[in-house]
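Following our numbering from start to finish, the sequence shown increments by one per residue and tops out at 637.
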Amino acid sequence: MSQRPSIAFAKFSAPKTGTVFVLSADEGGLSDAARACDPGKTLERAFPVAEFTGKFASSVEVLAPEGTSLDRLVAIGAGKVSGLDEYAWLKLGGTIAASLRKATDVAVVLEMVGASPSGKDAASLAAGILLRSYSFDKYKTRKDKDEAEPKKPVKVTIQTAAPAAAKKAFAEVEAVIDGVLLARDLVNEPANVLGPVEFAARAKELEALGVKVEILAEREMKKLGMGSLLGVAQGSPRGARMAIMQWNGGKPKDSPVAFVGKGVTFDTGGNSMKPASGMEDMKGDMGGAAAVTGLMHALAARKAKANVVGVIGLVENAVDGHAQRPGDIVISMSGQTIEVLNTDAEGRLVLADALWYCNDRFQPKFMVNLATLTGAVMVALGQHYAGLFSNNDELAERLTAAGQATQERLWRMPLGAEYDKLIDSKNADMKNIGGRYGGAIIAAQFLQRFVKETPWAHLDIAGTAIGSPSNEINQSWGSGFGVRLLDRLVRDNYEQ
Ligand code: BES
Ligand code: MN
Ligand code: ZN
């Protein structure tokens with residue numbers, strides 16, 4: 142991966158070398174701490190020339206400022222001094238990371254006229270720097286042409302009035318960021334490297350953080366009757382796995398909250414094969430499982446005071462002579478039979494058994510599943526909202542609120558008996574596709590047949606987890622969508 146910046150927090154002291162970032166709100170010029178870095182006050186002279194007014198995420202820079210030995214002095218606009226929320230601080234960190242250029246020695250002076258950002262703000266800013274700095278370049282052996290030497294690691298010191306508080310807050314925040322970056326790594330990894338077996342091994346690594354991890358192989362799943370999941374896997378030589386991750390940070394007898402992920406490490410479509418164009422994106426068809434794994438990492442690393450279960454179904458949807466055929470009928474773990482009319486509607490077949498298993502074994506307070514489930518959700522919502530389907534208003538509202546807070550946004554879509562009817566089959570209890578319309582809803586109805594009365598929500602993240610448009614805090618194809626969202630859901634509602 143790209144070199145990760147190292148982050149430190151310190152009290153104010155005017156840096157002598159390197160690159161310095163200072164903040165300026167639209168209500169004032171530079172704080173005393175910022176002015177101390179710029180004895181000639183060149184930055185403030187530059188403000189009117191650059192028409193810099195402190196507007197959020199705008200910037201102005203002075204190279205080799207007179208009277209100092211600094212390389213660069215950069216002012217970043219913070220907009221209004223007060224009322225910057227967590228996401229605004231992430232974005233400011235992202236803006237700084239975007240203008241690092243070749244700097245290796247960086248100070249960020251976190252003080253504005255009229256405002257002293259808190260330790261938590263400083264930690265969020267640091268998180269934004271880490272999120273934006275991520276890139277998946279482990280397979281690039283040749284350097285970019287303009288890069289004479291390998292990139293040196295960047296050292297960022299955030300100067301703040303509250304370095305101790307910032308350090309403490311950052312330890313928690315960093316746990317979540319590591320979870321996001323883990324999810325991004327998993328999604329970006331090509332399918333020749335990361336198949337079901339290799340993904341399961343990555344999940345197993347969470348044991349180092351105190352997560353209990355069990356891996357089920359085909360034999361055990363067969364015994365449990367997971368015919369729906371195994372039917373998808375049977376056309377691939379790479380096997381199937383289910384990883385069950387448990388973090389028990391809450392009260393011993395408290396029933397857990399559960400997260401379930403679709404982990405199709407590659408989706409060819411099977412015998413109902415996908416067209417060639419764009420099929421490479423289906424290496425990311427395990428984005429739901431990646432989010433669940435990243436979330437478990439985050440919760441364990443920050444020692445969340447909650448009991449949490451993560452279940453991921455890992456298969457490759459490939460084609461050989463053993464692959465399932467359209468028209469095949471499989472028996473799911475629930476006992477319900479499914480007529481597979483399209484082998485490319487495989488995610489729901491994997492989740493059917495994963496959801497049933499999770500519910501049956503853990504009787505969780507609720508289940509939230511994440512899946513890159515349908516192209517149809519992208520037709521409906523584009524790439525900026527994930528589809529939310531739920532049988533429980535309270536859970537849906539909590540998820541929506543967490544989505545607003547983290548800007549991993551959700552839009553609720555309907556469920557209902559009229560849609561459910563569309564998957565009744567004449568040959569089995571149900572079929573795995575419906576008619577021409579409402580494809581994202583039909584997929585959700587299918588899942589609902591495997592959750593009984595347990596409060597449940599399905600997040601269709603096909604548009605948000607992969608191929609996401611880059612933004613202030615993400616430049617990577619795999620966005621890690623869902624980790625910050627669900628960490629927030631747990632933190633705000635389910636921790637003691
Ligand atoms: N993994 C795909 C959905 C997908 C498509 C995710 C594009 C991300 C980007 C899923 O398994 C699938 O193939 N769904 C079909 C369902 C159809 C056959 C009913 C789809 O959306 O076309
Ligand atoms: Mn498919
Ligand atoms: Zn798929």
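Yeah, the Cβ is synthetic: ideal placement off N, Cα and C, and Gly gets one too.
Just the C-alpha distance for residue i and residue j, rounded to the nearest angstrom, thanks.
i: K232; j: G269; result: 6 Å
i: T406; j: L492; result: 14 Å
i: V126; j: E227; result: Any property of residue 126 remains undetermined from this structure, which presents the chain solely from 142 to 637.
i: K296; j: V450; result: 36 Å
i: F162; j: T282; result: 32 Å
i: M362; j: G410; result: 22 Å
i: A417; j: V321; result: 30 Å
i: R629; j: T547; result: 8 Å
i: R443; j: I318; result: 11 Å
i: Y498; j: W618; result: 31 Å
i: L529; j: I148; result: 36 Å
i: D461; j: A151; result: 59 Å
i: G218; j: E185; result: 13 Å
i: F340; j: E487; result: 18 Å
i: K593; j: Y578; result: 25 Å
i: L266; j: Q524; result: 25 Å
i: A306; j: A244; result: 27 Å
i: S257; j: A302; result: 7 Å
i: S369; j: D262; result: 47 Å
i: D167; j: F197; result: 8 Å
i: E346; j: A464; result: 31 Å
i: A174; j: T158; result: 16 Å
i: V338; j: V314; result: 30 Å
i: S531; j: N500; result: 15 Å
i: T160; j: S199; result: 17 Å
i: A663; j: G170; result: Look at the range of the chain in this structure, 142 to 637, and you will see that residue 663 is not part of it.
i: E559; j: M508; result: 24 Å
i: V398; j: Q504; result: 9 Å
For residue i, which residues of its own chain have a beta-carbon under 7 Å away from its beta-carbon, when the five flanking residues on both sides are left out?
i: S172; result: E252, M253 and V254
i: E359; result: L371, G380 and A381
i: E636; result: A445, K446 and A447
i: S413; result: P467, N483, T484 and D485
i: R539; result: L630 and N634
i: A316; result: A439, A442 and R443
i: G575; result: L563, I564 and I583
i: A177; result: A155
i: G391; result: K446, A447, N448 and Q637
Can you tell me where the alpha helix (DSSP H) holding residue i begins and where it ends?
i: A229; result: E227 to A239
i: N329; result: P304 to N329
i: L272; result: G260 to S274
i: N634; result: V624 to N634
i: G580; result: G580 to Q589
i: S223; result: Segment: none, S223 is in no alpha helix (DSSP H) and carries neither H nor E.
i: K373; result: In the sequence as presented, Lys is not what sits at residue 373; that position holds Val. Residues G368 to A374.
i: D494; result: G488 to F503
i: L440; result: G428 to A442
Can you tell me whether DSSP reads residue i as helix, strand or coil?
i: S531; result: strand
i: N412; result: coil
i: E348; result: helix
i: A175; result: helix
i: N483; result: coil
i: L514; result: coil
i: R145; result: coil
i: L184; result: helix
i: I469; result: Note that residue 469 is Asp in the sequence shown, not Ile. It is a strand residue.
i: T478; result: strand
i: L556; result: coil
i: G243; result: A small correction: the amino acid at residue 243 is Lys; Gly does not occupy that position in the sequence shown. If DSSP states are grouped into helix, strand and coil, K243 belongs with coil.
i: R539; result: helix
i: Q545; result: helix
i: G425; result: helix
Spatial neighbours of residue i within its chain, please: CB distance less than 8 Å, with the 5 preceding and 5 following residues excluded, ordered by chain position.
i: N510; result: F400, V401, G402, K403, G429, L492, A495, L496, L588, W597, A598, H599 and L600
i: M571; result: Q477, T478, I479, E480, I564, D565, F587 and R590
Who are the near neighbours of residue i in its chain, counting only those whose CB is closer than 6 Å to its CB and skipping five residues on each side?
i: A187; result: V201 and V203
i: L627; result: L436
i: L440; result: W388 and V449
i: A229; result: none
i: A238; result: I270, R273 and S274
i: I453; result: A384, G402, G404, A430 and V433
Would you give the residue range spanned by the beta strand (DSSP E) that residue i belongs to?
i: K363; result: Premise fails: K363 lies in the alpha helix (DSSP H), E359 to L365, not in any beta strand (DSSP E).
i: H599; result: W597 to D601
i: V456; result: N448 to N458
i: W388; result: R382 to N389
Within the present structure, is the beta-carbon of residue i separated from the nearest heavy atom of the ligand GDP by less than 7 Å?
i: M414; result: This structure does not include the ligand GDP; its bound ligands are the ligand BES, the ligand MN and the ligand ZN.
Chain-ordered list of residues that sit, by beta carbon, closer than 6 Å to a heavy atom of the ligand ZN
V405, D408, D426, E487 and G488
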